[in-house]
Amino acid sequence: MRDRFFKALKSIVIKVGSGVISTDTGLDGDRIDALSGDIGALLRAGFEITLVSSGAISAGKGDLNIHGRPQSIPLKQAAAAIGQSRLMRYYKKAFGEQGVKVGQILLTQEDLADRKRYLNARNTVKTLLEYRILPIINENDTVAVEEIRFGDNDNLSSMVTALVEAQLLIILSDVDGLYDRDPRHYADARRISLVEKISSQIEAMAGDSGTQVGTGGMITKLRAAKRAALYGVGTVIVNGRTPHILDRVLQGEDVGTLFLPAAEKMSARKHWIAFTKKPRGKLFLDDGAVAAIVNHGKSLLPSGIRSVEGKFGRGDAVSLCDLSGREIARGVTDYDLSEVMRIMGKKSSNIKDILGYKYHEDVVHRDNMVVGSPPARKDYGNEPDGNASTRP
Ligand code: GLU
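Read in order, the letters of the sequence shown correspond to residues 26 to 417 in the working numbering.
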């Protein structure tokens, strides 16, 4: 099964966590050298690789006399400002010894949520890949305040997988994969070798396990794997401290946990709507509209909208919720907040009379909509400041 899965792969995103390439006090040079050696070999073998690397904060925190993980955002930003250049300097040297040139790309959630900036970022990475230069991507921690943060690099790596249209995501962690229970507390915990579908039962296995140095625990890795799966991409979570682990994964050896891609793949655009674009508001729909969307593949008409909250413009993403507030779909709206407030509950044929113009019959067209409740995400449910609300 595994060897078949790994055959004919070309483009891979490799995410390496801080826990793998740093010690308590800073970067772990030996690990970075080993990783660069392994990636260098894969590049020579013809793989196209994009590296998403954490480690900026751990590389910089020593200069601020911080032990453990910095807690406040300004301290994280300061540590990242110091550490990112140190991290890149180390990578440049280590990959240089492999004859591999590197390029740095720092992203915030906002960069990928805006379609134009998303496409720009994609062009940059693709051009680097074309020239066989290894893109090394991290979150732009120095400017990433809470609202525009990916939050963790597991999340970032799954979005990068869609960005570069990779065929596999490998998450190098400081644990051996997903276990049926927390291996730090249960000696008889068993590694799960293969996950065909990330069910709630599988999510429960991840618990809230976290690492000492990194941001993500197993749960953020599962979410990343789930997003990748919906994009039609498999994910392997393995221990990045194990020597030559990348090669072993690609040889089809039974190491770590392999998450298979979902049977039905989402288009790149829908994936972007579901996971990358941040919803700026919520539209609360009556039961008829919910049924039309969920069961009958329909677009959202203004007549089905009961109330609205948030602050959104035309082209922003919004959550479509039932009256209990549960998200049933997510989509891009053709009308802004003030327009929706005026046309909600009304027939499409009245839009022109009410607004004096009409863009479309529907508020969210089916083609710009992803139905279902996307896997829990950190930012999910957070409303931007200054919300308007028509809710009672
Ligand atoms: N961007 C952070 C860093 O470079 C890491 C975030 C994470 O650990 O997921 O330190």
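Positions of the beta carbon are idealized from the N, C-alpha and C atoms, including for glycine.
>> Between residue 37 and the ligand GLU, is there a pair consisting of the residue's CB and a ligand heavy atom that are separated by less than 7 Å?
In response: no
> Can you give the Cα-Cα distance for residue 302 and residue 175, rounded to whole angstroms?
Replying inline: 11 Å
>> If distances are taken between C-alpha atoms only, which option among 242, 84 and 32 comes closest to residue 111?
In response: 84
>> Quick check: residue 258 and residue 286, are their CB atoms within less than 8 Å of each other?
In response: yes
>> Which complete beta strand (DSSP E) runs does the segment 163-245 hold, if anything under 3 residues is left out?
In response: 193-198
> Where does residue 41 fall in DSSP's three states?
Replying inline: strand
>> Can you look up residue 268 in the DSSP assignment and give me helix, strand or coil?
In response: In the three-state scheme derived from DSSP, where H, G and I count as helix and E and B as strand, residue 268 is classed as coil.
>> Under 8 Å: do the segment 159-166 and the segment 93-109 share three or more Cβ pairs, one atom per stretch?
In response: yes
>> By DSSP's criteria, residue 291 is part of a beta bridge. Which residues make up the other side?
In response: Beta-bridge pairing links residue 291 to no other residue.
>> Suppose contacts are defined by Cβ-Cβ distances below 8 Å. Is residue 20 in contact with residue 149 by that definition?
In response: For residue 20 there is no data in the structure shown, the boundaries of the chain being 26 and 417.
>> residue 389 and residue 356 - do their beta-carbons sit closer together than 8 Å?
In response: yes
> With DSSP run on the structure shown, which of helix, strand or coil describes residue 95?
Replying inline: coil
>> Need the endpoints of the alpha helix (DSSP H) that residue 134 sits in, please.
In response: 134-138
> For residue 58, which residues of its own chain have a beta-carbon under 6 Å away from its beta-carbon, when the five flanking residues on both sides are left out?
Replying inline: 119
> Who does residue 495 pair with in a DSSP beta bridge?
Replying inline: Missing from the structure shown is residue 495; the chain here goes from 26 to 417 and no further.
> Just reading off the beta strand (DSSP E) that residue 357 is part of, what are its end residues?
Replying inline: 352-357
>> Alpha carbons only, please: which of 40, 396, 270 and 366 is nearest the one belonging to residue 195?
In response: Closest in alpha carbon position to residue 195, among 40, 396, 270 and 366, is 40.
>> Going by DSSP in three states, residue 274 sits in which element: helix, strand or coil?
In response: Helix, per DSSP.
> Relative to the ligand GLU, is the shortest distance from any of its heavy atoms to the C-beta of residue 80 smaller than 7 Å?
Replying inline: yes
> Which one of 314, 247 and 198 has the shortest CA to CA distance from residue 352?
Replying inline: Comparing alpha-carbon positions, the option among 314, 247 and 198 lying closest to residue 352 turns out to be 314.
> residue 30 by DSSP, collapsed to three states: which one?
Replying inline: helix
>> Looking only at its chain, what residues have a beta carbon closer than 6 Å to the beta carbon of residue 28, apart from the 5 residues adjacent to it on each side?
In response: 277
> Taking only runs of the alpha helix (DSSP H) that begin and end inside the segment 305-349, which ones reach a length of at least 4 residues, in chain order?
Replying inline: 312-321
> Does the beta-carbon of residue 143 have 16 or more other beta-carbons within 10 angstroms, so that it is buried, or is it exposed?
Replying inline: buried
> Using DSSP with H/G/I as helix, E/B as strand and the rest coil, what is residue 459?
Replying inline: Any answer about residue 459 is impossible in this case: the structure gives the chain only from 26 up to 417.
> So, is residue 307 buried or exposed, given that buried needs 16 or more other C-beta atoms within 10 angstroms?
Replying inline: Classification for residue 307: buried.
> Using the C-alpha atoms, what's the distance from residue 46 back to residue 53?
Replying inline: 5 Å
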